[in-house]
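In my numbering, the protein residues as written are 142 to 492.
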């Protein structure tokens, strides 16, 4: 798939199974340079880390785990085209993820030695290993293999390489651990004001927010808020799903400074009436903190709110990316804020 241009804030639409979430995953891989942990997490999220009935056939187990990453899930013990992600130009900023074949051997001093193999020699070799190689441009930055039970094995020492800050928010929101980590990064900074402004879209009487330890579990913390005219703070959760969704979105946005914010089904849990204000906040904060936003939606109300906020902002380009199947290919049809204004006014379907 090729997308000819991108905006500061990008809203991705399309029918089920067209690849909206897959696009977010590709952006996550690009930003994190396809780290071992992220690749495994993506496979686990799809229950595609290999079959549990393979016993000790570790080489075949690795091949099964790796093949799920590639289009068509073809046999990776044969030659496989690499995954390429990145800007069309310059090409030296593109990242590629390729299957590699190795034999792991020991020399006379007992040191491990890695020997590169061709695909046809893979299953014939002693101690074969299949893995992934990450390249940026022509430079190889990482080479590792995957195995069951959440184990990750680098073939070579991990080098220093530059990643792009990114935060991903699923349709179900963020877990407590992720919320705690993101909050700790911004607490006592000016960025927590943006989070407070987001909460006030739905609950204008919220005065302060903080995270405190839960009584039963000292390690776990929960968000609490101070409400005007109430003597004591109350749990944020008691204000409803919408406020908690806004809290997670705003927290992710300010933590994506100088990087990417990736949100699946951004409208989840939000009433249509708050979506224009949410998008206004997204445009303002994304411009100020230099964040590029990619969000998916099925909601017409979300599209209308996005279009209104994009037109009002005027400084940051808002782009709707409609993904559509064309045979075996995926096309990206683009609508800028002016084209989207016509589409929403005339009720032209862009979802």
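We treat Cβ as the ideally placed atom computed from N, Cα and C, and that holds for glycine.
None of the values given here were measured: they were computed from a predicted structure.
Boundaries of the alpha helix (DSSP H) around residue 186: 177-186.
Rounded to the nearest whole angstrom, the C-alpha separation of residue 376 and residue 277 is 45 Å. Taking a contact as a CB-CB distance under 8 Å, the pair residue 275 and residue 393 does not count as one, their CB atoms being some 25 Å apart. For residue 369, the number of other beta carbons within 10 angstroms of its own is below 16, and it is reported as exposed. In this model, residue 331 and residue 340 are separated by some 15 Å (Cα to Cα).
Secondary structure at residue 314: strand, using DSSP grouped into helix, strand and coil. Shortest Cα-Cα distance from residue 243 to any of 285, 224, 232, 210 involves 285. Using a Cβ-Cβ distance cut-off of 8 Å, the stretch 424-431 and the stretch 381-400 are in contact, since at least three pairs of beta carbons, one from each stretch, lie closer than that value.
The closest CA to that of residue 439, considering only 143, 146, 158, 149, is found on 158. Residue 343 sits close to residue 384, with the two beta carbons spaced by under 8 Å.
Ranking 460, 216, 404, 388 by CA distance to the CA of residue 168 puts 404 first. Checking the DSSP bridge columns, you'll see residue 344 has no partner listed. By alpha-carbon distance to residue 406, the top candidate from 246, 380, 367, 314 is 314. Residue burial annotation: residue 271 is buried, with at least 16 other C-beta atoms found within 10 angstroms of its C-beta. Just so you know, the alpha carbons of residue 207 and residue 328 end up roughly 40 Å apart.
If you draw a straight line from the Cα of residue 310 to the Cα of residue 390, it is about 7 Å long.
Under the DSSP assignment, residue 435 falls in the beta strand (DSSP E) whose first and last residues are 433-437.
By the criterion of a C-beta distance shorter than 7 Å, residue 423 is surrounded in its chain by 150, 394, 434, once the five residues flanking it on both sides are discounted.
Here residue 211 carries a coil assignment [DSSP, helix/strand/coil]. Relative to the Cα of residue 316, the nearest Cα in the group 452, 388, 181 belongs to 388. Scanning its chain for C-beta atoms nearer than 8 Å, with the 5 sequence neighbours on each side dropped, one finds around residue 259 the residues 242, in chain order. For residue 230, the three-state secondary structure derived from DSSP is coil. Taking the C-beta atoms as reference points, residue 446 is found no nearer than 8 Å to residue 475. Here DSSP, grouped into helix, strand and coil, assigns residue 376 to strand. Nearest in C-alpha terms to residue 364, of all of 336, 371, 346, is 336. Residue state for residue 257 is assigned as strand, using DSSP reduced to three classes. A direct Cα-to-Cα measurement between residue 254 and residue 355 gives close to 50 Å. Looking at the DSSP output, residue 477 bridges to 460. A straight-line Cα-Cα distance of about 40 Å links residue 444 and residue 372. Residue environment for residue 302: exposed (fewer than 16 other C-beta atoms within 10 angstroms of its C-beta).
Taking every protein chain shown into account, the CB of residue 345 has fewer than 16 other CB atoms within 10 angstroms, so this residue is exposed.
When C-alpha distances from residue 464 are compared across 458, 473, 457, the shortest belongs to 473. In this model, residue 323 and residue 238 are separated by some 29 Å (Cα to Cα). A straight line joining the alpha-carbon of residue 458 with that of residue 367 spans about 36 Å.
By the neighbour-count definition (other C-beta atoms within 10 Å, threshold 16), residue 170 is a buried residue.
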